[in-house]
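*Asks:* Sequences listed follow chains A and B, in order.
Going by UniProt numbering, the first sequence opens with residue 1, and the numbers climb by one from there.
Going by UniProt numbering, the second sequence opens with residue 1, and the numbers climb by one from there.
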Amino acid sequence: MGTTTSHFTQDELQEYSDLTYFTKKEIVYVFKKFSELDPDLVSSDKYCRIPKEKICQMPEMKVNPFNDRICRVFSTSRNFDGSLSFEDFLDMMSAFSDQAPKSLKVEYAFKIYDFNEDDLLDAEDIEMVINRLTGSAEPLSEKEMDQLLKNIMNEADLDDDKQLSYAEFEHIISKSPDFLNSFRIRI
Amino acid sequence: MLSNTGDMEDERFGSNVPIGMQLPSNKAMHTYGTTLTRRKLKERQKSARGNSTRDEVINMAPILHADDVALENGTPVASARANSMYVAATSEEDEFLNSLTYKDLDKLKELQCPMSTKREIRQRLLEQHGAAGKSSQFSSNSNNKWHRFREDSRDVMRQAQLWRGSIHEIEGRFGNGIRSYFAFLRWLFILNLYIFFLIFIFIVIPTIVFEQLRTTTINSTVLAECQYNPYNPNEIRSFPEYIIWWFTGQGFMENTLLFYGYYENVIQNFSTNFYYNIPLAYLLIAFFYFLLSLVLIVRRAASGLKESLVLDEDRFYSYCNKVFGGWDFCITNDHAAELKHSSLKYELETDLLEERALQERAKRTRNEKIVLYLKRFLINVVVLLVLAASMAAIYFSAQYALTNTSTYDSNFFLDLLVTYLVSIVITVANFIAPMLFELLIVYEDYTPAFTIKFTLARTVLLRLASIVFLYVVVYLQINCNNYEDLRGDYNEACEFCNGTKCWETYLGQEMYKLTILDFFIVLAVTLFVEFPRKLIVEHCHCGLAKWWGQQEFSIPRNVLDIVYSQTVGWIGAFYAPLLPVMVVIKFFVFFYIKKLTLIYNCRPATRPYRASRSGTFFFIILLFGFVVAAFPVVISVAIIKPSSDCGPFRGWDSMFFAMTNAIQQLPNWLQQIFWFIGSSGFAALIIVILCLVVYYFFALSSAHKRMIGLLKDQLTLEGKDKQFLLDRVNRLSGQLQNNGRDQSAQNLRKRSPIRGNENPTFSRGSTHSSIPGQTDDDFP
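1. Do A:Pro65 and B:Trp163 count as a contact pair if the criterion is CB distance below 8 Å?
2. With distances taken from CA atoms, which of B:Arg533, B:His335 and B:Leu523 is nearest B:Tyr592?
3. Cα separation between B:Ala629 and B:Phe149?
4. Taking contact to mean at least 3 C-beta pairs separated by less than 8 Å, is the region 451-465 of chain B in contact with the region 571-585 of chain B?
5. Answer yes or no: does any C-beta atom of chain B fall closer than 8 Å to that of A:Leu140?
6. For B:Lys109 and A:Asp18, I'd like the C-alpha separation in whole angstroms.
7. Which residues mark the beginning and the end of the alpha helix (DSSP H) in which A:Tyr29 is found?
8. Can you tell me whether A:Arg184 is buried or exposed, with buried defined as 16 or more other CB within 10 angstroms of its CB?
9. Taking DSSP's pairing of strands, which residues face B:Tyr506 in a bridge?
10. Closer than 8 Å, CB to CB, is B:Asp328 near chain A or not?
11. Is the shortest distance between the beta-carbon of B:Met391 and the beta-carbons of chain A less than 8 Å?
12. With a threshold of 8 Å between beta carbons, is A:Ile112 in contact with chain B?
13. Quick check: the Cα distance between A:Glu15 and A:Glu53, rounded to an integer number of angstroms?
14. Can you tell me which of the three DSSP states A:Glu117 falls into?
15. Looking at the secondary structure, which residues open and close the alpha helix (DSSP H) in which A:Asn79 lies?
16. Between which residues of its own chain and A:Met92 is the CB-CB distance below 6 Å, once the five residues before and five after are set aside?
17. Could you tell me if B:Gly678 is buried or exposed, where buried requires 16 or more neighbouring beta carbons within 10 angstroms of its beta carbon?
18. Taking the C-alpha atoms as reference points, what is the distance between residue 781 of chain B and B:Ile379?
19. Which two residues bound the contiguous beta strand (DSSP E) that contains B:Glu552?
20. Alpha carbons only, please: which of A:Glu155, A:Asp161, A:Gln163 and A:Asp159 is nearest the one belonging to A:Ser172?
21. Determine the DSSP secondary structure at B:Val69, reduced to helix, strand or coil.
22. Between A:Ile27 and B:Ile190, what straight-line distance do the alpha-carbon atoms span, to the nearest angstrom?
23. Per DSSP, what kind of secondary structure is A:Ile50 in: helix, strand or coil?
24. Determine whether the Cβ of B:Ile331 lies closer than 8 Å to any Cβ atom of chain A.
25. Any Cβ of chain A within less than 8 Å of the Cβ of B:His341?
26. Looking at the structure shown, is B:Gln268 part of a helix, part of a strand, or coil, going by DSSP?
27. Using only the alpha-carbon positions, how far apart do B:Leu748 and B:Gln735 sit?
28. If we count the other Cβ atoms within 10 Å of its Cβ and call it buried at 16 or more, is B:Cys113 buried or exposed?
29. Determine the direct distance from the alpha carbon of B:Val634 to that of B:Phe590, and round the result to whole angstroms.
30. For the region 280-292 of chain B against the region 109-124 of chain A, do three or more pairs of beta-carbon atoms, one drawn from each stretch, fall closer than 8 Å, so that the two count as touching?
31. Looking at C-alpha atoms only, which residue of B:Pro434, B:Tyr446, B:Tyr471 and B:Glu438 is the closest neighbour of B:Ser423?
32. Please list, in chain order, all residues of the same chain as B:Asp653 whose beta carbon is under 7 Å from its beta carbon, the five residues on each side excluded.
33. Does the region 688-699 of chain B come into contact with the region 122-140 of chain A, if we say contact requires no fewer than three beta-carbon pairs (one atom in each stretch) closer than 8 Å?
34. Looking at the secondary structure, which residues open and close the beta strand (DSSP E) in which residue 853 of chain B lies?
35. Select from B:Phe649, B:Leu527 and B:Cys540 the residue whose C-alpha is nearest the C-alpha of B:Phe574.
36. When we look at the beta-carbon of B:Leu527 and count the other beta-carbons within 10 Å, is it buried (16 or more) or exposed?
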């Protein structure tokens with residue numbers, strides 16, 4: 001750890017710990033995790049961007065069906081390639097940490113599930129979510145999918161416009177007891 | 001998929017942005033950089049009202065606009081997107097950012113925007129603060145130090161947390177549900193550690209110390225016949241007997257610190273004003289650890305209960321829960337991920353199936369119903385019979401064991417069996433009956449969710465009832481109901497000395513034996529059943545092995561196991577004060593055994609137990625166990641006469657006498673207060689107040705419920721309003737466009753077939769049409 005600590009000054013660490021849900025030690029640890037993804041690149045430039053493909057090799061991300069979406073949502077890259085700098089990475093881990101409040105998680109979850117990025121979850125987005133959840137092996141039959149989509153819209157779509165706005169999404173998540181438990185990555 | 005988004009966005013945010021997209025309700029709140037949401041904005045404003053006099057308010061808006069410009073230099077997609085979002089959000093942003101002060105530094109982490117933006121805001125806040133006031137520097141500095149210290153200590157605490165790595169690993173491999181079981185096990189382990197330290201410090205150590213201080217022995221004042229002589233160290237015993245004693249807690253074990261009987265009724269005087277009252281300490285510590293357990297359980301259960309009550313009220317949210325909260329982001333293992341996929345699919349499919357089955361169920365004919373109800377009734381009778389049979393078995397085995405306690409001259413293995421008879425019967429009943437229940441419930445044709453709950457309820461009933469029943473048997477014994485049957489030389493003078501002269505120690509021994517037996521059963525099942533089963537299933541490809549399959553790690557059953565152990569431990573802690581240390585060791589070993597069997601022998605259950613639900617469920621079951629443990633102890637403290645020649649309460653009419661005795665030593669006014677608290681008038685008062693409080697909350701909750709209903713209706717209505725207005729707007733704009741741009745509108749429709757699906761708002765609702773001659777085809 002001694003070597004990694006020297007990557008940041010105390011002020012930088014303080015700043016990061018002010019802006020995330022991590023303590024300084026945890027930030028150093030997150031950096032270690034980050035640099036493990038591509039040791040050569042990171043050791044030459046700690047502000048480098050690690051491409052999406054490499055991020056998705058991380059054990060927590062590898063099996064995650066939404067890994068490309070997560071990269072994209074947290075990436076600040078100008079050309080939208082989903083690559084993450086250390087700060088993006090830290091943002092991501094912070095949002096997924098145990099300490100992050102539900103409100104923050106809900107916002108990111110909404111973005112992650114919003115595949116076509118129109119700030120609305122429509123039937124297509126939800127279908128995509130379900131397909132990714134159930135895995136690639138054999139998707140649900142069309143009839144089942146229709147029934148499921150209908151049920152979800154019945155539950156969540158309060159204003160009956162066949163799409164979920166953020167307010168509606170926040171509402172259902174407030175009723176979803178599993179969300180807080182599942183929407184996190186432990187460092 | 002992602003390659004498509006560019007095109008789609010291009011259309012969406014190009015020159016023809018649909019009006020629906022621009023509606024405030026669609027775009028508000030959730031925008032780049034502003035997601036401190038309206039709710040938080042309000043909170044901010046509320047608190048700002050109090051602070052604004054002292055804290056300077058900083059103009060923060062330019063930053064985000066600078067960012068805006070930076071983004072605009074990106075791809076055209078991004079700029080269009082950014083623009084369309086920012087228009088509506090700016091005023092809110094300004095308002096929010098202007099209200100930020102130095103004190104909000106902590107809240108920056110809640111901002112949903114990239115680190116660079118957050119950093120800039122932070123920098124500004126710091127600068128403004130530095131320029132504004134040096135006077136508040138000191139307090140903020142010390143505040144900061146305190147903050148840092150707290151963070152550091154939190155860091156250390158988290159690092160030092162027991163089994164952190166193991167639980168993390170389990171979570172990664174098996175997901176959240178199973179993790180919560182292990183977290184529960186750890187919680188119980190720590191609870192027992194607390195209990196142990198309490199007892200050890202306040203009861204065991206003083207007893208040892210006072211024994212060293214004392215020079216004279218206390219002579220028993222009880223009739224010789226009733227005297228309690230647990231063990232004569234001069235008698236020479238064979239080696240196997242020592243072994244037996246270790247396991248049964250008899251013989252030389254009986255007269256040790258382990259059991260109630262050893263503790264003495266002494267009040268050690270150090271000076272005139274300072275003394276240590278062991279009986280009182282014994283009682284108070286028991287009270288205190290029960291209270292501690294209760295508070296800790298209730299605290300945990302209540303937080304979960306709130307969630308599950310909310311859930312219960314709106315059962316319709318189950319699908320959303322499964323879809324949006326379904327994936328466990330903690331999973332790191334390929335195999336686990338695969339399992340999660342299939343289990344999610346299975347769950348969704350079964351839910352849909354259930355829904356359809358439910359619709360069919362409603363169509364059941366009367367005859368079918370009658371047959372079903374008859375079946376259920378019969379099965380319930382069978383279940384009750386099983387319960388009764390196991391209770392009877394416990395009763396008779398306890399009777400038999402009590403009457404045959406002192407037959408040490410026969411075969412030593414037989415002796416061990418006799419003394420362990422009750423424990424064995426209870427454990428076997430607990431082992432076999434649940435399997436029977438699981439077999440039977442299949443024929444009752446309940447919904448899957450109810451099946452799990454109902455089986456559990458029956459098993460809990462059985463487990464806890466067996467402990468209660470053991471209690472009842474002992475109670476009957478000490479009340480000498482069957483006294484004459486048990487011993488011929490009945491003597492009026494010592495009505496409480498019978499086969500169990502020191503019934504408290506006897507109970508302690510039973511709990512001791514149950515703890516040991518339970519421990520070995522788990523060990524044996526793991527080593528000799530689960531492990532071979534795994535080997536057989538893996539290496540033998542015959543049909544039977546296939547059908548048997550690999551062991552499932554059933555969370556409910558495992559939880560029940562440890563709750564049962566804990567219940568025994570609670571009762572035991574009173575009658576065998578050192579039992580908690582055994583429970584601590586037991587849970588410690590359990591953790592590793594369960595982890596081993598989970599990793600090597602088991603596969604996760606196909607129908608996963610949800611972490612959220614199970615968390616609450618664990619603590620509710622534990623609460624049941626607590627009541628079962630506390631109730632008999634309270635009764636024995638308050639009502640039953642303690643043994644006359646053993647334990648800290650010897651010679652008294654009730655254990656509670658220690659309390660009243662101590663109160664009488666107090667000054668008069670304090671005594672009065674205590675008597676008042678103990679009086680029935682006070683109890684009535686408390687009950688009335690509690691009733692009022694409960695009623696108040698009940699009224700409050702029903703009011704909230706109605707409010708929720710109203711708001712929901714309102715939301716729906718407004719949604720309809722919105723649709724109606726949108727229709728009108730679309731029609732009107734369509735009309736305008738039709739005047740000059742018929743051709744281009746048709747082109748547009750060809751280009752964007754997707755949007756038509758996504759935004760049905762724009763293609764339906766012709767019923768609202770009030771403009772004649774207008775049809776759906778004319779709308780872009």
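Where a beta carbon is used, it is the ideal one built from N, C-alpha and C, also for glycine.
*Replies:* Considering the structure as presented:
1. no
2. B:Leu523
3. 41 Å
4. no
5. yes
6. 7 Å
7. Lys24 to Leu37
8. buried
9. None; B:Tyr506 has no bridge partner.
10. yes
11. no
12. no
13. 29 Å
14. coil
15. Where A:Asn79 is concerned, there is no enclosing alpha helix (DSSP H), given that its DSSP letter is neither H nor E.
16. Phe74
17. exposed
18. In the structure as shown, chain B begins at 1 and stops at 780. Residue 781 of chain B is therefore absent and cannot be evaluated.
19. Gln551 to Phe553
20. The question names Ser, yet the displayed sequence has Ile at residue 172 of chain A. When each option's Cα is compared against that of A:Ile172, the closest is A:Glu155.
21. Because B:Val69 sits at a pLDDT of 39, beneath the cut-off of 50, its placement in the model cannot be relied upon, and the following sentence gives the value as read from the coordinates. Helix.
22. 29 Å
23. strand
24. yes
25. yes
26. strand
27. Because the pLDDT of B:Leu748 is 46, which lies under 50, any placement of that residue in the model is unreliable, and the question is left without a value.
28. buried
29. 30 Å
30. no
31. B:Tyr471
32. Lys641
33. no
34. The question about residue 853 of chain B has no answer here: the residues shown for chain B are numbered 1 through 780.
35. B:Phe649
36. exposed
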